[in-house]
Amino acid sequence: MLAHRVGRRAILALGAAALAGFAVREYLLTPEDFAGGDLSVEEAHAQAIAGTVLLVDIRRPDEWASTGIGAGAQPLDMRREDFVAALDELAGGDRGRPIALICARGVRSARLANRLAQAGFTGIIDVPEGMLGSRAGPGWLRAGLPVVAHAEALE
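Going by my numbering, the sequence shown opens with residue 84, and the numbers climb by one from there.
Structure, rendered in structure tokens:
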């Protein structure tokens, strides 16, 4: 009888752990709802090239090195301590300028877009597909949009 209870408890514990793991995974991979606007990767690219939006790639340098940076985007690691000041500088001090944020899959960009909107940036736009694709669409790379090497993007 004791072996039966231990086995049953172990199975229940495993099931609970699996459910908790799934919930954490979904939380980490599901972007927050963003109240501002969004753009497809094609729209973001076209508007960045036309100069009507400042497209900022907020991923890490190792991600830029791995995939390249979308043509027309400015790399700015969101983990920088001076991120807001650096973004202000890129935007020419205009917190109302249209600024589109792109990351790998739209999770970090949505979260950061919400925080920047709360910090007084009024033109924040999310690119929810990201570079690698998400539920919102195939992403920059699969859409066949041009990329540049990290070093070229800094020039």
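A virtual CB, placed ideally from N, CA and C, is assigned to each residue, including glycine.
Treat the numbers as computed from the prediction; the structure is a model and nothing was measured.
When rounded, the separation of the alpha-carbon atoms in Gln130 and Val136 is 6 angstroms. In the three-state scheme derived from DSSP, where H, G and I count as helix and E and B as strand, Ile141 is classed as coil.
With fewer than three CB-CB distances shorter than 8 angstroms, the segment 163–173 does not count as touching the segment 221–234. For Asp209, the enclosing beta strand (DSSP E) has its first and last residue at 207–209.
In the structure shown, Leu159 adopts coil according to DSSP, grouped into three states. For the pair Leu122 and Ile208, the CB atoms are nearer than the 8 angstroms cut-off.
C-alpha of Leu215 to C-alpha of Gly90: approximately 42 angstroms in a straight line. The three-state secondary structure of Ser217, taken from DSSP, is strand.
Setting aside the 5 residues that flank it on each side, Thr205 is surrounded in the same chain by Arg178, Gly179, each with a C-beta closer than 7 angstroms to its C-beta; the list follows chain order. In this structure, the beta-carbon distance from Val124 to Gly222 falls below 8 angstroms. For Val231, the secondary structure class from DSSP, reduced to helix, strand or coil, is strand.
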